[in-house]
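Asks:
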Amino acid sequence: MESSVHWEFLWLCILLVGNGVEGEASHQTCRSLRSFPGDQLYKTAYHFQPPKNWMNDPNGPMFYLGVYHLFYQYNPYGAEWGNMVWAHSISYDLVNWIHLDHAIYPTGPFDINGCWSGSTTILPGGKPVILYTGIDAKNHQVQNLAEPRNLTDPLLRERVKSPHNPLMTPGDDIDPKFYRDPATAWQGPDNIWHVIVGSQIKGQGAAILYRSKDFVNWTRSKHPLHSSANTNMLGCPDFYPLDTKSSEGKHVLKASFNSHDYYILGDYIARTDKFSVTTDFTSDLQYDYGKFYASKTFLDSSTKRRILWVWVKESDSESDDNSKGWSGLQSIPRNVVLGKTGRQLVQWPIKEIENLRTRNVSFQNKKLKIGSLLEVSGITGSQADVEVSFDLVNLKEAELMDPIWVDPQLLCSQKKASAQGKLGPFGFDQSRSSLREGLDKTTYGAFVDIDPLQENISLRSLIDHSIVESFGGGGRTCITARVYPKFAYDKEAHLYVFNNGTQTVRISRLNAWSMRNAQIVPVKTRREPKLHKR
């Protein structure tokens, strides 16, 4: 049997409910199917991705004059990393997108070897400016400024680079190969601008802090905003307040390293530029425990939401990507808030994505006996939105957690979704996700902080051909994965709810929808930038 996804749940690290949702296509059916073209088989229908070539980090997302903007790292020449420019797309609802001309591309000695990641800052008066990393003629990483040419154009189709570029350069104590990704700047009560740049100092990751009165002349602070011994490079930093009305108080500092995005919560005092934390980056606090990297948030000024974008890379090979002609996509934008406990963030897909829901299947109060399997029929299994919640019946049989089970990913990797048991985390088992060889089939796992005496165990999964985004416990824990089923496509993809636990569970409610395609279209270019392949 070929299955595309599996899940397990954890309750307080005490009781395993070996149940979840899976997608499959039987081998008998597979033999009668033709193989679909590789470039179309795994293309998503409602996730954002360019028509072709390589994409990675989201850059400078923002809302301006009624329009959402997404910039991202892009290779105009192929499906491999290289020749970096800022591609540009716009939307009115964060779901349907229009591709525009490239926003930033190499033009001068300060970025001649590539225009890497950065962020947008809205200056007083509503002027959006971009700080980005340029790779200069010496292959050093430097920080540059770009501004809109026409502030009355809501699409911001043209930019002008500052004649003062580069604005920031690495000091003698910084390796110029580890100095990049300026974050969104913020203005303190003294009207001084502040910004952090990801780097390393003496082998430790550091968020280097700069100050400026005019956003052009920047002075490096004596001490970084934060340094971490848990990484040697603090990549793609993001620093933002959880109170949308204040620049002080509880803040989030995010860093990308070791193929994941980690965050810490702390208190920021603007007057002293002090960010106080009680812990460093650890695996306990990640945005997502799956395929998820180089994320970037922005404050949606129209709704006061903190919205998260992230690059979801492929799990197949570079040769597969070249054959497909494309690589990489963006997750569904997520709304990020502080959880009720105050100890972690909670994420949930933006409400607008629900506008793509169409054919619906639902049921409630169905019991799943040990080892049983229930098909969710009537929707498109490879393009769906599924919400399910479970009740646990015999909580008296719960057993204490064994200390050897403190690593949820290790436990999921050892047990797999098909195993029976009484205890286990929220996991994503890719081991049977495809008959293809040479794929990354890592089994992901994480704990979910919920109390089933007070609430149901819940899971929401957004399934879109080669990507699955899962949200456990109302978004307390998230896992994203790429899957490449060889035959389970469209009508041949099936969804099931299963119980591999040691007791009967009850599906308190299940809702599943087929999802329509998002409209992601190009527009006729207004100009052809002179790009030079390197």
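Those letters in the sequence shown? Residues -23 to -1, 1 to 511, by mature numbering (1 follows the signal peptide of the UniProt record, and there is no 0).
Ideal placement from N, C-alpha and C gives every residue a C-beta, glycine not left out.
Inspect the CB distances between the stretch 116 to 124 and the stretch 153 to 166 and report whether three or more fall short of 8 Å.
Replies: They touch, by the three-pair rule.
Asks: Use the C-beta contact count for D130: other C-beta atoms within 10 angstroms, 16 or more gives buried, fewer gives exposed.
Replies: Looking up residue 130 in the sequence shown gives position 153. Flag for D130 reads exposed.
Asks: With respect to the beta strand (DSSP E) encompassing S339, which residues constitute its N-terminal and C-terminal limits?
Replies: Numbered from 1 along the sequence shown, position 362 holds the residue referred to as residue 339. Residue range 334 to 340 is occupied by the beta strand (DSSP E) that includes S339.
Asks: Considering just the uninterrupted stretch of the alpha helix (DSSP H) at N299, what are its terminal residues?
Replies: The count along the sequence shown starts at 1 and reaches residue 299 at position 322. Here the alpha helix (DSSP H) through N299 covers 295 to 301.
Asks: Alpha carbons only, please: which of E225, Y109, D191, Q17 is nearest the one belonging to I173?
Replies: For the purposes of this step, residue 173 is taken as residue 196 along the sequence shown, with counting starting at 1. Nearest of E225, Y109, D191, Q17 to I173, Cα basis: Y109.
Asks: Using only the alpha-carbon positions, how far apart do N342 and G358 sit?
Replies: The residue you call residue 342 lines up with position 365 of the sequence shown. The residue you call residue 358 lines up with position 381 of the sequence shown. One C-alpha to the other measures close to 22 Å.
Asks: Just tell me which of H200, G451, P310 has its CA closest to the CA of P35.
Replies: Locating residue 35 in the sequence shown gives position 58, where the first residue counts as 1. Minimum Cα distance to P35 is reached at P310.
Asks: From this set, D250, A247, T255, which residue's C-alpha is nearest Y240's C-alpha?
Replies: Along the sequence shown, read from residue 1 onward, the residue named residue 240 stands at position 263. The option with the nearest alpha carbon to Y240 is T255.
Asks: Which residue marks the beginning of the beta strand (DSSP E) containing V287, and which one marks its end?
Replies: As a working note, residue 287 is residue 310 in the sequence shown. Run containing V287: 282 to 289, per the beta strand (DSSP E) assignment.
Asks: If we count the other Cβ atoms within 10 Å of its Cβ and call it buried at 16 or more, is Q263 buried or exposed?
Replies: Residue 263 sits at position 286 when you count from the first residue of the sequence shown. Classification for Q263: buried.
Asks: Considering only the beta carbon of each residue, do W325 and Q307 sit closer than 7 Å?
Replies: In the sequence shown, counting from the first residue as 1, residue 325 sits at position 348. In the sequence shown, counting from the first residue as 1, residue 307 sits at position 330. Contact: no.
Asks: Rounded to whole angstroms, what's the CA-CA distance from K328 to L276? Just pull it up for me.
Replies: The residue labelled residue 328 in the question sits at position 351 within the sequence shown. The residue labelled residue 276 in the question sits at position 299 within the sequence shown. K328 and L276: Cα-Cα distance of roughly 16 Å.
Asks: In its own chain, which residues sit with a C-beta less than 7 Å from the C-beta of A183, not counting the 5 before and 5 after it?
Replies: Position 206 of the sequence shown, counting from 1, holds the residue named residue 183. S176, Q177, P201, S204, L211, listed in sequence order.
Asks: Leaving aside the five residues before and after Q391 along the sequence, list all residues of the same chain whose C-beta is less than 8 Å from its C-beta, in chain order.
Replies: Numbered from 1 along the sequence shown, position 414 holds the residue referred to as residue 391. For Q391, the pLDDT reaches just 47, beneath the cut-off of 50, and the residue's location in the model is therefore unreliable, although a value from the coordinates is still provided. Within its own chain, no residue has a Cβ closer than 8 Å to the Cβ of Q391 once the five positions on either side in sequence are excluded.
Asks: Pull up the distance between the alpha-carbon of N60 and that of K346, whole angstroms please.
Replies: As a working mapping, residue 60 is identified with position 83 in the sequence shown. As a working mapping, residue 346 is identified with position 369 in the sequence shown. Rounded to whole angstroms, N60 to K346 spans 55 Å at the Cα level.
Asks: Where does the unbroken beta strand (DSSP E) through Q50 begin, and where does it stop?
Replies: Your numbering for residue 50 matches position 73 in the sequence shown. Start and end: 44 to 52.
Asks: Taking contact to mean at least 3 C-beta pairs separated by less than 8 Å, is the stretch 66 to 74 in contact with the stretch 43 to 54?
Replies: yes
Asks: I'd like to confirm the pairing. Which residues does DSSP put opposite K179 in its beta bridges?
Replies: One-based indexing of the sequence shown puts residue 179 at position 202. None; K179 has no bridge partner.
Asks: Judging by CA-CA distance, which residue of H24, H171, Y41 is the nearest neighbour of Y217?
Replies: Counting from 1 along the sequence shown, the entry for residue 217 is found at position 240. The shortest Cα separation from Y217 among H24, H171, Y41 belongs to H171.
Asks: Buried or exposed: which applies to P125, given that a residue is buried once 16 or more other Cβ atoms fall within 10 Å of its Cβ?
Replies: Here residue 125 refers to the residue found at position 148 when the sequence shown is read from its first residue. Counting Cβ neighbours within 10 Å, P125 comes out buried, since at least 16 surround it.
Asks: Using 7 Å as the limit for Cβ to Cβ distance, is K343 near chain D?
Replies: In the structure shown, chain D does not exist; there is a single protein chain.
Asks: My output table needs one value for E329: the three-state DSSP class, helix, strand or coil.
Replies: Looking up residue 329 in the sequence shown gives position 352. It is helical.
Asks: Between which two residues does the beta strand (DSSP E) holding T208 run?
Replies: Here the question's residue 208 lines up with position 231 in the sequence shown. Counting along the chain, T208 falls outside any beta strand (DSSP E), and DSSP gives it neither H nor E.
Asks: On the CB-based measure, 16 or more other CB atoms within 10 Å of its CB, does K317 come out buried or exposed?
Replies: In the sequence shown, the residue the question calls residue 317 occupies position 340. Classification of K317: exposed, given that the 10 Å Cβ count is below 16.
Asks: Assign D293 to buried or exposed, taking buried as 16 or more other Cβ atoms, counted over all protein chains shown, within 10 Å of its Cβ.
Replies: Locating residue 293 in the sequence shown gives position 316, where the first residue counts as 1. D293 should be labelled buried.
Asks: Just curious, the beta strand (DSSP E) that G91 is in, first and last residue?
Replies: By one-based count along the sequence shown, residue 91 stands at place 114. That residue, G91, is in no beta strand (DSSP E); it is neither H nor E in DSSP.
Asks: Could you give the first and the last residue of the continuous beta strand (DSSP E) run that contains G37?
Replies: Here the question's residue 37 lines up with position 60 in the sequence shown. G37 -> beta strand (DSSP E) spans 30 to 41.
Asks: Is it buried or exposed for K290, if we count other Cβ within 10 angstroms and need 16 for buried?
Replies: Numbered from its first residue, the sequence shown carries residue 290 at position 313. K290 should be labelled buried.
Asks: Starting from K154, trace the beta strand (DSSP E) in both directions and tell me its first and last residue.
Replies: Start at 1 with the first residue of the sequence shown, and residue 154 comes out as number 177. Neither: K154 is in no beta strand (DSSP E) and is coded neither H nor E.
Asks: Measuring CA to CA, which of Y461, G305, V62 is closest to F25?
Replies: Residue mapping note: residue 25 aligns to position 48 of the sequence shown, counting from 1. The residue with the shortest Cα to Cα distance from F25 is G305.
Asks: Determine the burial state of C389: buried for a count of at least 16 other Cβ atoms within 10 Å of its Cβ, exposed for fewer.
Replies: As a position in the sequence shown, residue 389 is number 412, starting the count at 1. Interpretation of C389 is limited by its pLDDT of 44, a score under 50 that renders its predicted location unreliable; no figure is taken from the coordinates.
Asks: Closer than 8 Å by C-beta to P143: which residues in its own chain qualify, once you throw out the five before and the five after it? Chain order, please.
Replies: Sequence index remark: in the sequence shown, residue 143 carries index 166 (1-based). Once the five neighbours on either side are set aside, the close Cβ partners of P143 are F87, G111, D113, V119, Q120, N121.
Asks: Below 7 Å CB to CB, which residues in the same chain sit around S236 once its five sequence neighbours on both sides are set aside?
Replies: Position 259 of the sequence shown, counted from the first residue, corresponds to residue 236. Result list for S236: Y270, in chain order.
Asks: Do the CB positions of S349 and N476 come within less than 7 Å of each other?
Replies: Here the question's residue 349 lines up with position 372 in the sequence shown. Here the question's residue 476 lines up with position 499 in the sequence shown. Taking 7 Å as the Cβ cut-off, S349 and N476 qualify as a contacting pair.
Asks: Quick one, which of H79, N127, Y266, M145 has its alpha-carbon nearest F424's?
Replies: One-based indexing of the sequence shown puts residue 424 at position 447. Nearest of H79, N127, Y266, M145 to F424, Cα basis: Y266.
Asks: May I ask you to list the residues that DSSP assigns as paired with S233?
Replies: Taking the first residue of the sequence shown as 1, we reach residue 233 at position 256. G212, D238.
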